[in-house]
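Worksheet: the structure to be examined is printed underneath.
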């Protein structure tokens with residue numbers, strides 16, 4: 001089978017998933033309308049006499065994790081439903097919050113969305129339900145990402161420590177060594193373009209969370225937000241660091257050193273498969289994502305490698321995170337204590353964790369897995385046997401300090417997409433884009449009743 | 001002065017008729033009833049609720065407050081809503097005439113040709129309408145794709161780069177094409193049915209008067225199917241102003257090009273379900289409904305005045 005057809009097939013699969021997500025819209029709605037939802041589980045509950053906690057999540061191996069939990073637990077059973085990935089799920093949860101009914105007891109959400117739901121009082125602080133018993137299982141940075149102020153609104157599950165995935169074959173062909181700084185990254189990109197090579201990377205409008213992470217790496221702190229003073233928020237999207245990062249990528253795009261394709265589209269995935277990009281600046285979950293799309297197998301075997309994320313100041317390296325998710329307890333949970341037990345217990349047993357990381361579906365945040373020599377020393381097949389965890393991802397995860405996210409994440413990301421599109425088109429400079437973004441988001445925050453500092 | 005008298009025979013029949021009429025009315029209401037209940041419960045009640053919602057504002061800080069028409073004032077000064085509305089208006093001006101011209105041309109040709117091939121063609125032209133909009137949009141997304149669409153192969157033969165119909169410059173035409181492909185066949189069937197309803201004696205008379213095929217088409221067929229043309233014009237006007245499915249689907253393939261405020265309907269959806277702003281979402285929906293109503297009413301008004309416009 002030639003590559004073009006393979007990528008077309010992968011693309012079709014992605015589209016089919018999108019369609020399935022659309023069609024499940026109706027089904028999901030019907031499920032939530034019935035309230036308890038215990039009768040609509042995707043899984044079968046083995047111990048029928050125990051109380052049941054409902055749960056939404058979308059990991060590919062959720063079925064196995066839920067089954068493991070139900071098998072091992074003698075106190076509570078989980079009824080799991082997949083109502084769609086990412087924003088599909090958030091839209092349904094948002095609707096359930098507005099309606100005051102229809103939400104599950106436990107929900108999987110990405111960490112950057114926690115404040116968005118917390119401010120609507122849709123999540124429960126699980127600190128009083130056994131936090132101390134599991135506190136040591138996760139790093140400080142991981143806890144910070146699921147916390148708002150002193151309260152904890154989720155159990156960290158998977159993280160996205162960032163790194164630079166690159167094509168070994170292309171690097172060798174153009175005689176390039178993995179750049180250690182962003183300046184070197186630009187030089188290498190120029191060298192590759194001069195030699196007639198492919199784009200060095202990609203700067204996309206539709207991955208605001210990635211752009212934000214890169215800005216934070218340079219020293220930006222987009223939001224300061226203390227829930228003790230809920231009505232006041234600091235919005236700083238146009239400081240020098242943010243502007244520098246946008247200008248940097250804007251310059252690379254304008255010189256056509258990097259592509260400007262939207263990521264996660266079939267077009268982009270096929271580009272990654274076909275060697276259209278020499279590097280892929282991404283997180284630890286990317287290999288699993290690419291493997292799922294058919295990359296790294298067959299002819300592709302052995303082509304990818306990973307290096308630490310390039311730095312601005314190699315003397316003071318900063319590690320950042322893209323994505324990552326948590327299990328939160330919703331305020332519609334009938335029994336929050338029981339729900340919290342589920343949130344703490346899911347993905348905490350060895351079997352589920354091992355399955356997750358051996359198949360590269362998740363990058364675990366549970367230190368039981370992170371410190372497991374077997375995990376650390378794993379020779380990752382996708383990276384041709386490179387010990388990617390030991391060399392790159394584990395140090396990155398350990399050095400990660402956590403971020404304060406905003407309580408209007410969706411609006412911020414949409415507004416950033418708009419400005420980055422304009423930057424890619426060339427109608428604004430990076431600095432102008434940052435100023436406009438600041439103005440836009442600050443005025444939204446005011447409209448929502450915040451005092452903006 | 002009217003004198004009271006014993007009921008006459010005529011009065012009695014009136015009374016009986018009255019009873020019969022009442023019974024007839026009752027039967028009528030019983031027949032209409034199921035529809036009426038569904039209509040009230042699933043259309044009027046949600047509309048009323050949305051109208052009610054649109055009069056409030058819910059903020060993340062400070063909760064819900066009654067703001068009366070503020071949301072509407074905001075909508076008509078909101079660049080996102082206005083640019084989206086302006087887009088669908090421009091889109092209507094290009095895509096509706098195009099769809100109707102294509103549909104009319106095909107209907108006239110199929111009406112003039114009677115062969116097995118014509119019947120087959122009719123089915124094929126209608127086929128796109130039978131494909132769900134969502135699937136049609138996904139399909140076109142791939143046909144437009146630079147790396148695995150046919151465009152790159154076709155243009156590659158001449159050594160040229162294919163046009164990117166998902167880029168911000170060409171997305172307008174990309175969508176015009178998808179919409180025309182989807183709907184022209186459906187409109188063609190309506191026009192074709194209208195053409196079949198014309199008395200063939202008229203053609204015979206015209207031919208005896210020396211009219212050619214072109215003259216028959218222009219002077220007899222088109223004027224006689226004017227009501228059907230008007231009908232599809234209104235259909236397409238309403239449909240285009242509520243543009244949602246195609247851009248929403250293509251968005252996942254071209255996220256930077258198609259923003260969440262691309263059309264007013266998408267903007268309303270975004271406000272309500274992603275940003276939890278059901279109040280403003282309702283206001284946008286109502287404002288859009290207002291624009292559609294005014295547009296269609298104005299259109300009907302003008303065509304009624306000047307029947308001979310076609």
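Protein chains in written order, with full-length UniProt numbering: chain R, 1 to 453; chain S, 1 to 310.
Beta carbons: idealized from backbone N, C-alpha and C, even for Gly.
message = Extract the residue ranges of the alpha helix (DSSP H) inside the region 166-206 of chain S, only unbroken runs of 4 or more that lie entirely within it.
response = 171-196
message = Determine, for residue 213 of chain S, whether the minimum Cβ-Cβ distance to residues of chain R falls below 8 Å.
response = no
request  = Using the Cα positions of residue 428 of chain R and residue 390 of chain R, report the straight-line distance between them to the nearest angstrom.
outcome  = 41 Å
task = Could I get the ranges of all uninterrupted alpha helix (DSSP H) runs contained in the region 231-256 of chain R, with 4 residues as the minimum, in chain order?
result = 240-254
message = With the cut-off set at 8 Å, would you say residue 307 of chain R and residue 166 of chain R are in Cβ contact?
response = yes
key: CB-CB length for residue 155 of chain R against residue 326 of chain R, believed under 8 Å   = 6 Å
inquiry  = With H, G and I counted as helix, E and B as strand and the rest as coil, what does DSSP make of residue 290 of chain S?
reply    = helix
Rounded straight-line distance, which links the Cα of residue 265 of chain S to that of residue 380 of chain R = 46 Å
task = Name the two residues that bound the continuous beta strand (DSSP E) containing residue 56 of chain R.
result = 52-56
8 Å Cβ cutoff, residue 414 of chain R in contact with chain S = yes
key: residue 241 of chain S and residue 171 of chain S closer than 8 Å at C-beta   = no
task = For residue 61 of chain S, decide whether its Cβ has a neighbour in chain R, counting only Cβ atoms nearer than 8 Å.
result = yes
inquiry  = 8 Å is my cut-off, CB to CB: does residue 260 of chain S come that close to chain R?
reply    = yes
query = Where does residue 27 of chain S land, buried or exposed, given buried means 16+ other C-beta within 10 angstroms?
reply = exposed
ask   = Under a three-way DSSP split, which group does residue 147 of chain S fall into?
value = coil
Sheet register partners of residue 185 of chain R (DSSP bridge) = None, per the DSSP bridge assignment.
inquiry  = Less than 8 Å between CB atoms is the rule here; does residue 273 of chain S satisfy it with respect to chain R?
reply    = yes
key: Own chain residues within Cβ distance below 8 Å of residue 123 of chain R, not counting five before or after   = 114, 117, 153, 154, 328, 329, 330, 331
task = Could I get the ranges of all uninterrupted beta strand (DSSP E) runs contained in the region 322-406 of chain R, with 3 residues as the minimum, in chain order?
result = 325-329
inquiry  = Using the three-state DSSP reduction, which class does residue 58 of chain S fall into: helix, strand or coil?
reply    = strand
key: Buried versus exposed, by CB contacts within 10 Å (16 or more), residue 279 of chain R   = buried
task = Give every residue of the same chain whose Cβ lies closer than 6 Å to the Cβ of residue 98 of chain R, excluding the five residues on either side of it in the sequence, and list them in chain order.
result = none
ask   = Whose CA, out of R:55, R:49, R:175, R:191, lies closest to the CA of residue 334 of chain R?
value = R:55
message = Just to confirm, is the Cβ distance from residue 158 of chain R to residue 403 of chain R under 8 Å?
response = no
inquiry  = For residue 430 of chain R and residue 256 of chain R, I'd like the C-alpha separation in whole angstroms.
reply    = 16 Å
key: CA-to-CA distance, residue 40 of chain S to residue 89 of chain R, given in whole angstroms   = 31 Å
request  = Look up residue 79 of chain R in the DSSP assignment and give the residues it is bridged to.
outcome  = R:54
inquiry  = If I follow the unbroken beta strand (DSSP E) through residue 106 of chain R, where does it start and stop?
reply    = 106-110
inquiry  = What does DSSP give as the partner residue(s) for residue 259 of chain R in the beta ladder?
reply    = R:202
inquiry  = In this structure, how does DSSP classify residue 289 of chain R when only helix, strand and coil are distinguished?
reply    = helix
query = Taking Cβ to Cβ, would you say residue 220 of chain S is nearer than 8 Å to residue 203 of chain S?
reply = yes
key: Presumed contact (8 Å Cβ cut-off) between residue 253 of chain R and residue 424 of chain R, rounded CB distance   = 6 Å
ask   = Listing by chain order, which chain S residues have their CB less than 8 Å from the CB of residue 449 of chain R?
value = 59, 60, 61, 62
request  = Note down, in chain order, each residue of its chain lying with its Cβ closer than 7 Å to the Cβ of residue 459 of chain R, except the 5 sequence neighbours on either side.
outcome  = Only positions 1 to 453 of chain R appear in this structure, which leaves residue 459 of chain R out of reach.
key: chain S within 8 Å of residue 85 of chain R, Cβ atoms only   = no
inquiry  = Quick check on DSSP: helix, strand or coil for residue 151 of chain R?
reply    = strand
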